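Below: the structure, in structure tokens.
Printed below as a string of structure tokens:
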């Protein structure tokens, strides 16, 4: 059952996750008022993750604010000797991406990324006094772990709330999001990368399929489609592909 809340509402204690071994984690859109009152600061859907003992509000905020650890899709703007400069938000300054922050990169084998190229990256530095910094390699393993240039495909814009839902471990259960699961179950093959900055990259065997999947994600987001409506949309798209 979906629970929508408004700013100033009181969150019913019965809706809070109750994992006894973990402290309660409040995510975006919620504020704690001592001693034990929790109230929304935005309008949206109340979501919980019992495994992490976390609770948050899904809402469509307009501006992405870089946070360390976030996975983002960045667009390369230009390059210098040691850095790529990339855009991750229309409302933020350029992020920097060191040319050696790729798996196996050296000064002789640095990746060649032209203006407009897309990369899947992790935010490694973010504060209000400095430009964000990105990385495409794990600092602990030296491996890309799925990060790096995104070749081919198309980029689609979605709300920040939709991006969060897509990145949940179990989108169907935790975010009432079944459109991709339904398309995959119907035999539609595709690749997808989701950035917390409201960007979704989609690639498939044909341009028609890529466009259809991207538009389906956007329609689900913009029209706030419920799971049954998403299933109908998936069936319609599958017939047309």
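In this note's numbering, the protein residues as written are 120 to 360.
All C-beta atoms in this analysis are idealised placements derived from N, C-alpha and C, irrespective of residue type, glycine included.
Only a predicted model underlies this, so the values are computations on that prediction, with no experimental measurement involved.
About 7 Å separates the beta carbon of residue 338 from that of residue 344, a gap short enough to meet the 8 Å contact definition. Per DSSP, reduced to three states, the secondary structure at residue 274 is strand. Contact between residue 280 and residue 177 holds: their C-beta atoms lie close to 5 Å from each other, under 8 Å. Collapsing the DSSP output to three states places residue 196 in a strand. If you look at residue 311, you'll find it in the beta strand (DSSP E) that goes 309-314. Annotation: residue 207 is outside any alpha helix (DSSP H) and is labelled neither H nor E by DSSP. Of all alpha-carbon atoms in 215, 213, 214, 230, the one lying nearest the alpha-carbon of residue 221 is that of 230. Secondary structure note for residue 357: it is in no beta strand (DSSP E), and the uninterrupted alpha helix (DSSP H) holding it is 346-359.
Here DSSP, grouped into helix, strand and coil, assigns residue 138 to coil.
Cβ contact annotation for residue 196 (same chain, cutoff 7 Å, sequence separation greater than five): 204, 205, 206, 213, 234, in chain order. Membership of residue 335 in the alpha helix (DSSP H) is indicated by the continuous run 326-341.
About 6 Å separates the CB atoms of residue 232 and residue 268; that is less than 8 Å, so the two are in contact. Taking residue 138 as the centre and dropping the five residues before and after it, the same chain places the C-beta of 169, 170, 171, 172 closer than 8 Å to its C-beta, in chain order. Residue pairing of residue 323 in beta bridges, as defined by DSSP: 309. Residue 221 is bridged by DSSP to 255. Taking the Cα of residue 188 as reference, the smallest distance to any Cα among 209, 238, 252 is reached at 252.
DSSP places residue 282 in no beta strand (DSSP E) but in the uninterrupted alpha helix (DSSP H) bounded by 279-285. In this structure, the CA atom of residue 326 is about 18 Å from the CA atom of residue 318. In the three-state scheme derived from DSSP, where H, G and I count as helix and E and B as strand, residue 164 is classed as strand. Residues of the same chain with a CB within less than 6 Å of the CB of residue 167, apart from the 5 flanking positions on each side, are 136, 174 in chain order. Around the beta carbon of residue 340, a 10 Å sphere encloses 16 or more other beta carbons of the protein chains shown; the residue is thus reported as buried.
Residues of the same chain with a CB within less than 8 Å of the CB of residue 152, apart from the 5 flanking positions on each side, are 158 in chain order. Leaving aside the five residues that flank residue 293 on each side, the residues in its chain whose CB is nearer than 7 Å to its CB run, in chain order, 166, 168, 287. Where residue 264 is concerned, there is no enclosing alpha helix (DSSP H), because DSSP gives it neither an H nor an E.
In the assembly as shown, residue 134 is an exposed residue. Its beta-carbon has fewer than 16 other beta-carbons within 10 Å.
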